[in-house]
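In UniProt numbering, the protein residues as written are 1 to 440.
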């Protein structure tokens, strides 16, 4: 009891000092809590700024990669065009026909015309498949390279942000200082030009070499089997529906069945090289090893198969429209109904609707005149309708269609323009830039 009284008297004597100490402690705790809240707020603002900058730079890298696809495609198209023209020889049988004109037997002439037919159709299909495969392959690889460049520059940005934080620089100044420097980085320190060249050679040396030769052999087999019965001398008229069906049968032979459940496209055998996949790419954690594996995985994915199929469909539609417009489309009819104002009757000045000779015409007269006009229109259309072209005229068009595929002017190349807008290709390429952003 005595000890409690001593404590009471001590507190009573020193109550002012104790109150000051308690108040100072409470104020210190409150200041600490406020500082902690402010630090958390600054950290959240910093993470938000960095995330916003990272997302902006991600979009910039993706747009830059998308913009680099057409120039890269134009560069490779020159090599592809040269390889296609080397592999499929169209000029030799044509020269042999011209040189032996009048001195060839019927069997020799038919054999040469058969070579011209097969080579003409084969050149188009080889250019058609080569362009579409090269287009999707290049776009995939350019976007993969762009994504890795983004990751390298992003890592440099995070390291710079950490250095600024250690030096005490504020979050706003840190954000501004990283605005352009991060985007300018290309990741060359982690993935050099030698590795890039090696990565490209692993894919395109096979595709533009052995892969294209094997594709040419498959195309020629399909053309011979589907068009073997078509003789230049006997096939005087080629109906459009018949030609369309024959071309589609050739496509089905080469592309195989359609369907998302079929993960790999039959055309993939001309793209991937098993030997290059087994080649030593350095340690498993190297950039080259990662990029090659990601490239193979992308090529073997159902998304790649769907993108190639969509490109094949839209470009084939461009070819068919040009084919029909060049060889099958009817010229404008010169009939009476085609002339502006031909259906309007001339009336004397002052004669309005409901008066004069116009109002007095009977319904029977108008009906008979319309019938005569309709008969004249049908007769004019039948006279102006062109005949179905012969096979001899169709073969040069097929050969020239390959030249249009390789047109180096992107503004006038409908194949480049329409594939650049293909939704499946853009979705496939955009998938390489959907990554999680973390600033822990």
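Ideal Cβ placement from N, Cα and C applies to all residues, glycine included.
Model, not experiment: these values are computed from the prediction.
Ordered along the chain, which non-local residues of its own chain (more than five positions away) have a Cβ less than 6 Å from that of residue 307? Cβ neighbours of residue 307 beyond the five flanking positions: 136, 424, 425, 428.
Residue 287 classed as buried or exposed, judged by whether at least 16 other C-beta atoms fall within 10 angstroms: Residue 287 should be labelled buried.
Inter-stretch contact (C-beta, 8 Å, three-pair minimum) for the region 99-112 and the region 76-85: The region 99-112 vs the region 76-85: no contact.
Buried or exposed for residue 31, please, with buried defined as at least 16 other CB atoms from any protein chain shown within 10 angstroms of its CB. Residue 31 comes out exposed.
Which listed residue (417, 412, 398) has its alpha carbon closest to that of residue 118: It is 398.
Evaluate the contact criterion for the region 286-300 versus the region 237-256: three or more CB pairs, one atom per stretch, below 8 Å. Touching, no, given that fewer than three Cβ pairs across the two stretches are closer than 8 Å.
Out of curiosity, what's the CA-to-CA distance linking residue 93 and residue 300? Rounded to the nearest angstrom, the two C-alpha atoms are 39 Å apart.
Spatial neighbours of residue 97 within its chain, please: CB distance less than 8 Å, with the 5 preceding and 5 following residues excluded, ordered by chain position. So the qualifying residues of the chain are 104, 109, 112, 113, 116.
For residue 355, does the three-state DSSP call read helix, strand or coil? The predicted position of residue 355 is uncertain, since its pLDDT is 39 and thus under 50; no value can be drawn from it.
If you draw a straight line from the alpha carbon of residue 223 to that of residue 154, how long is it in whole angstroms? Between the C-alpha atoms of residue 223 and residue 154 there is a straight-line separation of about 51 Å.
Let's see if you can read the secondary structure: which residues bound the alpha helix (DSSP H) around residue 250? Where residue 250 is concerned, the enclosing alpha helix (DSSP H) stretches over 240-255.
Contact under 8 Å by Cβ, residue 146 with residue 249: No, the Cβ-Cβ distance between residue 146 and residue 249 is not below 8 Å.
Nearest to residue 445 by CA position, among 402, 414, 420, is which residue? Outside the displayed span of the chain (1 to 440) sits residue 445, for which this structure offers no information.
Here's a check: name, in chain order, each residue in its chain whose Cβ is nearer than 8 Å to the Cβ of residue 314, leaving out the five neighbours to either side. Excluding positions up to five away in sequence, the list reads 418, 419, 422.
Based on Cα-Cα distance, which residue from 132, 2, 124 lies nearest to residue 270? Each of 132, 2, 124 was checked against the Cα of residue 270, and the nearest Cα belongs to 132.
Under three-state DSSP, which class holds residue 132? It is helical.
C-alpha gap between residue 392 and residue 232, whole angstroms: Residue 392 and residue 232 have their alpha carbons spaced roughly 6 Å apart.
Any idea if residue 69 is buried or exposed, counting beta-carbon neighbours within 10 angstroms, 16 or more meaning buried? By the 10 Å Cβ count, residue 69 comes out buried.
What does a CB cutoff of less than 7 Å around residue 72 pick up in its chain, not counting 5 residues either side in sequence? 138, 142.
Give me the Cα-Cα distance between residue 265 and residue 152, rounded to the nearest whole angstrom. The alpha-carbon separation between residue 265 and residue 152 amounts to approximately 33 Å.
Taking the straight line between their C-alpha atoms, what separation do you get for residue 388 and residue 395? Straight-line Cα distance between these residues: approximately 14 Å.
Using a Cβ-Cβ cutoff of less than 6 Å, which residues in the same chain neighbour residue 416 once the five nearest sequence positions on both sides are dropped? Counting only Cβ-Cβ distances below 6 Å, and skipping sequence neighbours, we find 410.
Can residue 246 and residue 226 be called in contact, C-beta distance under 8 Å? Judged by their CB atoms, residue 246 and residue 226 are nearer to each other than the 8 Å cut-off.
I need the straight-line Cα distance from residue 272 to residue 134, nearest angstrom please. Looking at the two C-alpha atoms, the distance is approximately 12 Å.
Rounded to the nearest angstrom, what separates residue 251 and residue 44 at their Cα positions? Rounded to the nearest angstrom, the gap between the Cα atoms of residue 251 and residue 44 is 57 Å.
Within its chain, find whatever has a CB closer than 6 Å to the CB of residue 81; leave out the 5 residues flanking it on each side and keep chain order. These residues qualify, in order along the chain: 406.
Below 8 Å between beta carbons: does that hold for residue 318 and residue 414? The answer is yes: Cβ separation under 8 Å.
Just the C-alpha distance for residue 10 and residue 36, rounded to the nearest angstrom, thanks. Between residue 10 and residue 36, the C-alpha separation is close to 36 Å.
Which one of 101, 244, 4, 216 has the shortest CA to CA distance from residue 127? Ranking the options by Cα distance to residue 127, first place goes to 216.
Does the distance from the C-beta atom of residue 140 to that of residue 29 stay below 8 Å? Cβ atoms of residue 140 and residue 29: not closer than 8 Å.
With residue 433 and residue 60 assumed to form a contact (beta carbons below 8 Å), what rounded beta-carbon distance in angstroms separates them? Rounded, the Cβ-Cβ distance is 10 Å, inconsistent with contact.
Could you pull out every residue in the same chain whose Cβ sits closer than 7 Å to the Cβ of residue 291, ignoring the five residues on either side in sequence? Hits under 7 Å: 144, 148, 199.
C-alpha distance - residue 380 paired with residue 121, whole-angstrom precision: Only weak support is given to the placement of residue 380: the predicted model assigns it a pLDDT of 47, under 50, and the question is left unresolved by the model.
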